[in-house]
Amino acid sequence: GAVVSQHPSRVICKSGTSVKIECRSLDFQATTMFWYRQFPKKSLMLMATSNEGSKATYEQGVEKDKFLINHASLTLSTLTVTSAHPEDSSFYICSARSLTSGSGEQYFGPGTRLTVT
Amino acid sequence: AQSVAQPEDQVNVAEGNPLTVKCTYSVSGNPYLFWYVQYPNRGLQFLLKYITGDNLVKGSYGFEAEFNKSQTSFHLKKPSALVSDSALYFCAVRDNTGFQKLVFGTGTRLLVSP
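Those protein sequences? They're chains A and B, same order as listed. Residues 2 to 118 in the numbering used here are what the first sequence spells out, letter by letter. Residues 1081 to 1194 in the numbering used here are what the second sequence spells out, letter by letter.
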């Protein structure tokens, strides 16, 4: 149980285009999903927290107009990197927290490797 | 604010030997502590958590962690390391406010040699 998927696993796009990454909780309902960015050999940087049906809460320094987050249902959140630039190249990981998780435990997706050329 | 520190960038251990990956924390209120493991180009996998109860927590793949309140530590341990344990390990603490996000340490790379 508690499986989170991400699609695509790897994407290459041209500078100036937009890319959408999907995060799905496959066997549980997630009130809250989190989006992280991980640089090589670095820890995870929380970008934003999304709750189903409401606007995402962005961490300080993260551009909300550049990283659009939509949490349309209890099993799906999307991250759209708009007008991507090479510096947006990174490993993006989502996580989901179950409705029933009192401890705050998060389940992570396998990540999406974005390369902007 | 909640924080965790992983003082070692890398831990090297020979296969069959015991391993310890260190983590110390700083929280206001009761600590909710977690260990995750990450293999190359993959997401994080949950290993174990401490919420309350016994200070020794057993988790996946033979890992365990010892909660020490006086030392504010939550070190990850395994009695006998495997080469396949080589990975990046993250300690995390739950923020007890707002969305209860997880605050991660900087990660420790574990390298188990044959």
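Just so it is clear, CB atoms sit at the ideal spot from N, CA and C, and this is done for glycine as well.
Just to confirm the assignment, what range does the beta strand (DSSP E) spanning residue i have?
{"i": "A/Ala-85", "result": "Looking at the DSSP string, A/Ala-85 is not in any beta strand (DSSP E), and its letter there is neither H nor E."}
{"i": "B/Gln-1090", "result": "1090-1094"}
{"i": "B/Val-1117", "result": "1113-1118"}
{"i": "B/Arg-1189", "result": "1188-1193"}
{"i": "A/Gln-7", "result": "5-8"}
{"i": "A/Ala-57", "result": "No beta strand (DSSP E) holds A/Ala-57; DSSP gives it neither H nor E."}
{"i": "B/Arg-1174", "result": "1167-1174"}
{"i": "B/Leu-1162", "result": "Careful: B/Leu-1162 lies outside any beta strand (DSSP E) and carries neither H nor E."}
{"i": "B/Ser-1150", "result": "B/Ser-1150 -> no beta strand (DSSP E), and no H or E assigned at all."}
{"i": "B/Thr-1104", "result": "1104-1106"}
{"i": "A/Ser-16", "result": "It is not in any beta strand (DSSP E) - A/Ser-16 carries neither H nor E in the DSSP assignment."}
State yes or no: is the C-beta of residue i within less than 8 Å of the C-beta of residue j?
{"i": "A/Phe-35", "j": "A/Ser-91", "result": "no"}
{"i": "B/Leu-1113", "j": "B/Val-1173", "result": "yes"}
{"i": "B/Leu-1156", "j": "B/Ser-1140", "result": "no"}
{"i": "A/Phe-68", "j": "A/Met-46", "result": "no"}
{"i": "B/Phe-1143", "j": "A/Thr-50", "result": "no"}
{"i": "A/Val-63", "j": "A/Ser-19", "result": "no"}
{"i": "A/Ala-85", "j": "A/Ser-16", "result": "yes"}
{"i": "A/Tyr-93", "j": "A/Ile-13", "result": "no"}
{"i": "B/Glu-1176", "j": "B/Ser-1108", "result": "Reading off the sequence, residue 1176 of chain B comes out as Asn, not Glu. In this structure, B/Ser-1108 lies closer than 8 Å to B/Asn-1176 by Cβ."}
{"i": "A/Glu-53", "j": "A/Thr-32", "result": "yes"}
{"i": "B/Gln-1086", "j": "B/Gly-1185", "result": "yes"}
Between the alpha carbons of residue i and residue j, how many angstroms are there, rounded?
{"i": "B/Lys-1181", "j": "B/Leu-1168", "result": "20 Å"}
{"i": "A/Arg-98", "j": "B/Asn-1121", "result": "22 Å"}
{"i": "B/Glu-1095", "j": "B/Tyr-1119", "result": "18 Å"}
{"i": "A/Asp-66", "j": "A/Lys-56", "result": "12 Å"}
{"i": "A/Tyr-37", "j": "A/Cys-95", "result": "6 Å"}
{"i": "A/Ser-26", "j": "A/Glu-106", "result": "14 Å"}
Could you name the residues of the same chain whose beta carbon sits closer than 8 Å to that of residue i, not counting the 5 residues immediately before and after it, in chain order?
{"i": "A/Ser-10", "result": "Pro-111, Gly-112, Thr-113 and Arg-114"}
{"i": "B/Glu-1088", "result": "Val-1101, Lys-1102 and Thr-1188"}
{"i": "B/Val-1093", "result": "Leu-1099, Ala-1161, Leu-1190, Leu-1191, Val-1192 and Ser-1193"}
{"i": "B/Val-1137", "result": "Leu-1128, Lys-1129, Tyr-1130, Glu-1144, Ala-1145, Glu-1146 and Phe-1147"}
What residues in its chain sit with their C-beta under 6 Å from that of residue i, if we drop five residues either side in the sequence?
{"i": "B/Phe-1147", "result": "Tyr-1130, Asn-1135 and Phe-1154"}
{"i": "B/Thr-1152", "result": "Thr-1104 and Tyr-1105"}
{"i": "B/Pro-1098", "result": "Pro-1159"}
{"i": "A/Gln-30", "result": "Leu-75 and Leu-100"}
{"i": "A/Asn-71", "result": "Thr-79"}
Quick check on residue i - is its C-beta less than 8 Å from some C-beta in chain C?
{"i": "A/Arg-25", "result": "No chain C is part of this structure, whose protein chains are labelled A and B."}
Mind checking the stretch 34-45 of chain A against chain B and listing, in chain order, the residues whose C-beta falls within less than 7 Å of any C-beta there? Phe-35, Ser-44 and Leu-45
Report the residues of the stretch 1117-1139 of chain B with a CB closer than 8 Å to any CB of chain A, ordered along the chain. Asn-1121, Arg-1122, Gly-1123, Leu-1124, Gln-1125, Phe-1126, Lys-1129 and Ile-1131
When you check each C-beta in the stretch 1168-1192 of chain B against every C-beta of chain A, which residues fall closer than 9 Å? Leu-1168, Phe-1170, Ala-1172, Arg-1174, Asp-1175, Asn-1176, Gly-1178, Phe-1179, Gln-1180, Lys-1181, Leu-1182, Val-1183, Phe-1184, Gly-1185, Thr-1186, Gly-1187 and Arg-1189
Near-chain A residues of the stretch 1150-1164 of chain B (beta-carbon distance less than 8 Å), N- to C-terminal order: none
Contacting positions in the stretch 1097-1114 of chain B - beta carbon closer than 9 Å to chain A: Tyr-1112 and Phe-1114
For the stretch 44-65 of chain A, list every residue whose C-beta sits within 8 Å of some C-beta in chain B, in sequence order. Ser-44, Leu-45, Leu-47, Thr-50, Asn-52 and Thr-58
Using a Cβ cut-off of 9 Å, which residues of the stretch 88-110 of chain A contact any Cβ in chain B, in chain order? Phe-92, Ile-94, Cys-95, Ser-96, Arg-98, Gly-103, Ser-104, Gly-105, Glu-106, Gln-107, Tyr-108, Phe-109 and Gly-110
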